[in-house]
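K.L.:
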Amino acid sequence: MTTASLVTDFTRLPEMPEGVYTAPLKRPERVGEDWLEPAQRSYTADENAIWDELFARQMEVLPGRACNAFLQGLERLDLGRGGVPDFGRLSDELGALTGWSVVPVPMLIPDHVFFWHLANRRFPAGNFIRTRETFDYIQEPDVFHDVFGHVPMLTDPTYADYMQEYGRAGWKAMRYNRLKSLGALYWYTVEFGLVMEGGEPKVYGAGILSGPAEAVFALEGQSPNRIMLNVDRVMRTDYVIDDLQPTYFVIESFEDLYHQTVERDFDRLYRGLGAGFTYANMAVIDVDDVLHRGTLEYHLRGGRGSGATPV
Ligand SMILES: [Fe+2]
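The sequence shown begins at 139 in the numbering used here and counts up by one.
(1) Is the beta carbon of D284 less than 8 Å from the beta carbon of I267?
(2) Quick check: the region 333–342 against the region 356–365, are at least 3 beta-carbon pairs closer than 8 Å?
(3) Quick one: does the C-beta of D280 sit closer than 7 Å to a heavy atom of ligand 1?
(4) Hey, how far is the Cα of E278 from the Cα of G264?
(5) In terms of residue numbering, what span does the alpha helix (DSSP H) encompassing M312 cover?
(6) With hydrogens ignored, establish whether the beta-carbon of A322 is closer than 7 Å to any heavy atom of ligand 1.
(7) Would you identify the three-state DSSP class for A421, choosing helix, strand or coil?
(8) Pick from D190, R402, F286, D424: whose alpha carbon is nearest that of G220?
(9) For the alpha helix (DSSP H) that N186 lies in, which residues bound it at each end?
(10) Assign M291 to buried or exposed, taking buried as 16 or more other Cβ atoms, counted over all protein chains shown, within 10 Å of its Cβ.
(11) Among the residues of its own chain, which have a CB less than 8 Å from the CB of V425, if the five just before and after it don't count?
(12) How big is the Cα-Cα spacing for G331 and I389?
(13) Within the continuous beta strand (DSSP E) that includes G233, where are the two ends?
(14) Does P362 come out as helix, strand or coil in the three-state DSSP assignment?
(15) Cβ of P339 less than 8 Å from any chain C Cβ?
(16) Cutting at 8 Å between CB atoms, please list the residues of its own chain near G233, excluding the five before and the five after it.
(17) Using the C-alpha atoms, what's the distance from L347 back to G287?
(18) When the Cα of Q196 is compared with those of M301, A351, D184, R409, which residue comes out closest?
(19) Taking only three categories from DSSP, how would you classify G432?
(20) Using three-state DSSP, classify R260 as helix, strand or coil.
(21) Name, in chain order, the residues that DSSP records as bridge partners for P339.
(22) Looking at the secondary structure, which residues open and close the beta strand (DSSP E) in which Y386 lies?
(23) For R430, which residues of its own chain have a beta-carbon under 6 Å away from its beta-carbon, when the five flanking residues on both sides are left out?
(24) Among residues of its own chain, excluding the 5 on either side of L382, which ones have a beta-carbon nearer than 6 Å to its beta-carbon?
(25) With burial defined as no fewer than 16 other Cβ atoms inside 10 Å of the residue's Cβ, what is the status of S143: buried or exposed?
(26) Closer than 7 Å to a non-hydrogen atom of ligand 1 - does that hold for the CB of E329?
(27) So does G349 have its beta carbon nearer than 7 Å to some heavy atom of ligand 1?
(28) Hey, Q302 and L256: beta-carbon distance below 8 Å or not?
(29) Specify, as a first and last residue, the run of the beta strand (DSSP E) that S239 falls within.
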């Protein structure tokens, strides 16, 4: 993510170069080029109760499994005070700690807009909450995933800097048409990352922190691989978006993550990368520093939908 050599104005929305593939998203009429909602919506009593129930459920699982930065962030921002947090108050409190704010967006937003917000220390969060029918699993990130899962981590100064650098790195990935590779890095760190603490892995990835079953599976399951993070390797690795992960990547510390990425020559990396992924998401390869070689039993039995137990 070396940015020193770049003359890039991160205050301006980056232009998406022609030929760069992104998800076909239709922008609702009420939002502008920045994809920001005019205001955070107000939630009904039942929707606020859904937040409280999700919060309580996660807190049965996360102490002892989530990393310290996350648990401290939850407390500092007092996200369990009841109901969906108000983004204004949250932004004031988070802003005082690390300069980040939380802004409402209608749904998944285009990559270049997402990068632009991150580069300016704005975290886009879904302006809706799941229903009771989708209580356990939703594919589209809602306010619980975004705020409970991601925002506490932004109270950690090093992690907060990493997220901003990730946004800045998007400009370069777009120029090289390597958004998928940069997306894999996000996936295996920000969404599903583990970090060593007291000699064992803990969770910092928002996808794990905001879901009911994955923290136990990721840390204690025999099935998944747990491998020390190597940025080049991870950016060549495929990932699944609709099931538990077959492989988790572990960092030494947030400083390690920051240095592994910010000091890397991404121009060189992108020039050497093919357009697709080299490694399957279950693969263990020669260069891997393996903490746990998984049995892959859960995925080999068919994963989600097959009735296989996440073990
Ligand atoms: Fe997320």
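In this text, a Cβ means the ideal position worked out from N, Cα and C, and glycines have one as well.
Since the structure is predicted, the reported quantities are computational estimates derived from the model, not experimental observations.
P.N.:
In this structure, then:
(1) no
(2) yes
(3) no
(4) 9 Å
(5) 295–313
(6) no
(7) coil
(8) D190
(9) 183–199
(10) buried
(11) N368, R371
(12) 8 Å
(13) Premise fails: G233 lies in the alpha helix (DSSP H), 225–236, not in any beta strand (DSSP E).
(14) coil
(15) Among the chains in the structure shown there is no chain C, since it carries only a single protein chain.
(16) S239
(17) 5 Å
(18) A351
(19) coil
(20) strand
(21) M334
(22) 385–389
(23) The sequence given here places His at residue 430; Arg does not occur at that position. So the list reads R364, once near-sequence residues are dropped.
(24) E352, F355, P448
(25) At S143 the pLDDT is 48, less than 50, meaning the model places this residue with poor confidence; the figure from the coordinates comes in the next sentence. So S143 ends up on the exposed side.
(26) yes
(27) no
(28) yes
(29) 239–243
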